[in-house]
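A quick write-up on the structure given underneath.
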């Protein structure tokens, strides 16, 4: 129940990757025919990723992760823009830490002014807030496609149209969204987009940055001529091949996966609301939410405690994003949605995928209410809450 943290590499993807660990191990930068096999495989994968996004293959650059792609988009673009006197970045308060920490670095060490846009109680960024924040110094707008914690899908096409009209580059972190939604970078006016293979049944250790032709950005990694002189480092051939294969499979079954996941998501949401009193669903609803995302807050209970109880029952879930799971601080996303600290601390995220079954959903609905009730019975915070509601 934690497919947003990562997904298993599918058997078809693994099969496509295997030859590049052994018999076809040539370095793509070498000139002999043996290495041309590796170059050909990389270009095939580039085409597979580009096709899924309605992009040109020359606009796809492979990276070591979605985090690297985010860092490259922000730091590379601002580095180049500063040469023209532009040092303003617009992003949001609910971004993944790959964006937020990059923005904080740019503020602290590169003299960049950063505007962190607020969101409403469901996690939506307002297009008019983006418009109001733009100045003549704005070098980049970066708004995530869909939130990794609460699943809210942002109005990306509208923000992209605004940025295109104002002639400002627009980047979106689509690490979560690309695994579940149809994305057309041309129709949505996206200039840069970050992705990660392991969120879509591909391997870990490989990501991609889509950059529209003409986008001006400085290289993030120096030291070689790989990726058409834009990203130095010997290519992860097997990983790139796996990324391309995963992307092609994903595209072929996206609508089917979306329908199945949405039905199971809604079943789990409805069951929790029915069986657990005072449970609060966080984020948007319906088609404005990622089809695999369920995020609840349970007043009177610590999310970390629930996580351990669920783990003892064989259920893997999360209290927020996997990248910050060791932090004891409440989720910055939930706080940005307006939740109080005690509600944010009592949050759980379930994210389903291809391996999830209806029986597993039923099992969660059998186990979770008992765990919440038992933990609430031991909680003075729950008792105080019931008194405040006149229920005790």
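In this note's numbering, the protein residues as written are 880 to 1271.
Ideal Cβ positions, reconstructed from N, Cα and C, are used throughout, including at glycine.
Simplified DSSP assignment, three categories, for residue 1146: As a first step, residue 1146 must be located in the chain shown, where it is residue number 267. In the structure shown, residue 1146 sits in a helix (DSSP, three-state: H, G or I).
What are the start and end residues of the beta strand (DSSP E) that includes residue 1159? To locate residue 1159, count along the chain shown from 1; it is residue 280. From DSSP, the beta strand (DSSP E) with residue 1159 extends over 1158-1160.
Measure the CB-CB distance between residue 1006 and residue 1037 and report whether it falls below 8 Å. Counting from one through the chain shown, the residue named residue 1006 turns up at place 127. Counting from one through the chain shown, the residue named residue 1037 turns up at place 158. Yes. Within cutoff.
Can you list, in chain order, the residues of its chain with a C-beta nearer than 6 Å to that of residue 1267? Leave out the 5 residues immediately preceding and following it. The count along the chain shown starts at 1 and reaches residue 1267 at position 388. Excluding positions up to five away in sequence, the list is empty.
Determine the extent of the alpha helix (DSSP H) in which residue 1235 is found, giving its start and end residues. Counting from 1 along the chain shown, the entry for residue 1235 is found at position 356. Annotation: residue 1235 is outside any alpha helix (DSSP H) and is labelled neither H nor E by DSSP.
Within the region 894-950, ranges of the alpha helix (DSSP H) (whole runs, at least 4 residues): List check, alpha helix (DSSP H) in window: 912-932 and 945-950.
To the nearest angstrom, report how far apart residue 958 and residue 1097 are at their CA atoms. Translated into positions along the chain shown, residue 958 becomes position 79. Translated into positions along the chain shown, residue 1097 becomes position 218. The straight-line gap from Cα to Cα measures roughly 6 Å.
Reduced DSSP category for residue 1032 - H, G, I as helix; E, B as strand; rest coil: Counting from one through the chain shown, the residue named residue 1032 turns up at place 153. Strand, per DSSP.
Cβ-based burial, residue 1257 [other Cβ within 10 Å; buried from 16]: In the chain shown, counting from the first residue as 1, residue 1257 sits at position 378. It counts as exposed.
Endpoints, alpha helix (DSSP H) assigned at residue 994: As a working mapping, residue 994 is identified with position 115 in the chain shown. Residue 994 -> not in any alpha helix (DSSP H); beta strand (DSSP E) instead, spanning 992-996.
The beta strand (DSSP E) that contains residue 1222, what's its start and end? Taking the first residue of the chain shown as 1, we reach residue 1222 at position 343. From DSSP, residue 1222 is part of no beta strand (DSSP E) but of the alpha helix (DSSP H) over 1220-1224.
Residue 1226 beta carbon less than 8 Å from that of residue 1214: Position 335 of the chain shown, counting from 1, holds the residue named residue 1214. Position 347 of the chain shown, counting from 1, holds the residue named residue 1226. Result no, Cβ atoms of residue 1214 and residue 1226 do not sit closer than 8 Å.
Proximity below 8 Å, CB of residue 1056 to CB of residue 941: Walking along the chain shown from the start, residue 1056 turns up at place 177. Walking along the chain shown from the start, residue 941 turns up at place 62. Residue 1056 is not a Cβ neighbour of residue 941, given a cutoff of 8 Å.
What's the C-alpha gap between residue 1203 and residue 945? Stepping through the chain shown from its first residue, residue 1203 is reached at position 324. Stepping through the chain shown from its first residue, residue 945 is reached at position 66. Here residue 1203 scores only 49 on pLDDT, less than 50, and its place in the model should not be relied on; the value that follows carries that caveat. C-alpha of residue 1203 to C-alpha of residue 945: approximately 16 Å in a straight line.
Where DSSP assigns a beta bridge to residue 1021, which residues make up the other side? The sequence position of residue 1021 within the chain shown is 142, counting from 1. The partner list for residue 1021 (beta bridge, DSSP) reads 1050.
Just curious, the beta strand (DSSP E) that residue 1173 is in, first and last residue? To locate residue 1173, count along the chain shown from 1; it is residue 294. Segment 1172-1177, the beta strand (DSSP E) holding residue 1173.
Whether or not the region 886-896 and the region 1122-1138 are in contact is what I'm after, with contact meaning three or more pairs of Cβ atoms, one per stretch, closer than 8 Å; do they touch? Touching, yes.
Measuring CB to CB, does residue 965 end up less than 8 Å from residue 1011? Stepping through the chain shown from its first residue, residue 965 is reached at position 86. Stepping through the chain shown from its first residue, residue 1011 is reached at position 132. No, the Cβ-Cβ distance between residue 965 and residue 1011 is not below 8 Å.
In chain order, each beta strand (DSSP E) run of at least 3 residues that lies wholly inside the region 1080-1154: If you keep only unbroken beta strand (DSSP E) runs of at least 3 residues inside the region 1080-1154, you get 1086-1090.
Taking the Cβ atom as the reference point for each residue, do residue 1230 and residue 1161 lie within a distance shorter than 8 Å? The residue you call residue 1230 lines up with position 351 of the chain shown. The residue you call residue 1161 lines up with position 282 of the chain shown. Going by C-beta atoms, residue 1230 is not nearer than 8 Å to residue 1161.
Exposure of residue 1144, with buried meaning 16 or more beta-carbon neighbours within 10 Å: Indexing the chain shown from 1 puts residue 1144 at position 265. Residue 1144 should be labelled buried.
State the beta-bridge partners of residue 981 as determined by DSSP. Position 102 of the chain shown, counted from the start, is the residue given in the question as residue 981. Answer is none; residue 981 lacks a bridge partner.
Indicate whether the contact test is met: 3 or more Cβ pairs, each with one atom in the region 1034-1051 and one in the region 916-926, closer than 8 Å. No contact exists between the region 1034-1051 and the region 916-926.
Residue 967 - partner residues in DSSP beta bridges: For this step, residue 967 is matched to residue 88 along the chain shown. Residue pairing of residue 967 in beta bridges, as defined by DSSP: 992 and 1017.
For the beta strand (DSSP E) that residue 1072 lies in, which residues bound it at each end? What you label residue 1072 is simply residue 193 of the chain shown in a count that begins at 1. Counting along the chain, the beta strand (DSSP E) containing residue 1072 begins and ends at 1071-1075.
Taking just the CA atoms, how far does residue 972 sit from residue 900? By 1-based counting over the chain shown, the position of residue 900 is 21. By 1-based counting over the chain shown, the position of residue 972 is 93. Taking the straight line from one Cα to the other gives about 41 Å.
Pairwise C-alpha distance: residue 1239 and residue 1076: Against the chain shown, residue 1076 aligns to sequence position 197. Against the chain shown, residue 1239 aligns to sequence position 360. Spanning the alpha carbons of residue 1076 and residue 1239 requires a straight line of approximately 25 Å.
Determine the closest residue to residue 1119 out of 1242, 887, 895 and 1150, with distance taken between C-alpha atoms. Looking up residue 1119 in the chain shown gives position 240. Checking every option, the nearest Cα to that of residue 1119 belongs to 895.
Local Cβ density within 10 Å of residue 1014, reported as buried at 16 or more and exposed below that: The residue you call residue 1014 lines up with position 135 of the chain shown. The residue is exposed, with fewer than 16 neighbouring Cβ atoms inside 10 Å.
Does the distance from the C-beta atom of residue 969 to that of residue 1020 stay below 8 Å? Residue mapping note: residue 969 aligns to position 90 of the chain shown, counting from 1. Residue mapping note: residue 1020 aligns to position 141 of the chain shown, counting from 1. Closer than 8 Å, so yes.
If you follow the alpha helix (DSSP H) that residue 956 is part of, which residue opens it and which one closes it? The sequence position of residue 956 within the chain shown is 77, counting from 1. That run of the alpha helix (DSSP H) goes 956-961.
In three-state DSSP terms, what is residue 1184? On the chain shown, position 305 is the one that residue 1184 refers to. Helix, per DSSP.
Using a 10 Å radius around the Cβ and a threshold of 16 neighbouring Cβ atoms, would you call residue 1089 buried or exposed? The residue you call residue 1089 lines up with position 210 of the chain shown. It is buried - the Cβ of residue 1089 has at least 16 other Cβ atoms within 10 Å.
The alpha helix (DSSP H) that contains residue 1166, what's its start and end? Start at 1 with the first residue of the chain shown, and residue 1166 comes out as number 287. Unbroken run through residue 1166: none, as it is neither H nor E.
Distance, Cα to Cα, residue 1221 vs residue 997? The residue labelled residue 1221 in the question sits at position 342 within the chain shown. The residue labelled residue 997 in the question sits at position 118 within the chain shown. Taking the straight line from one Cα to the other gives about 21 Å.
Please classify residue 954 as buried or exposed, where buried requires at least 16 other C-beta atoms within 10 Å of its C-beta. Walking along the chain shown from the start, residue 954 turns up at place 75. Burial call: buried.
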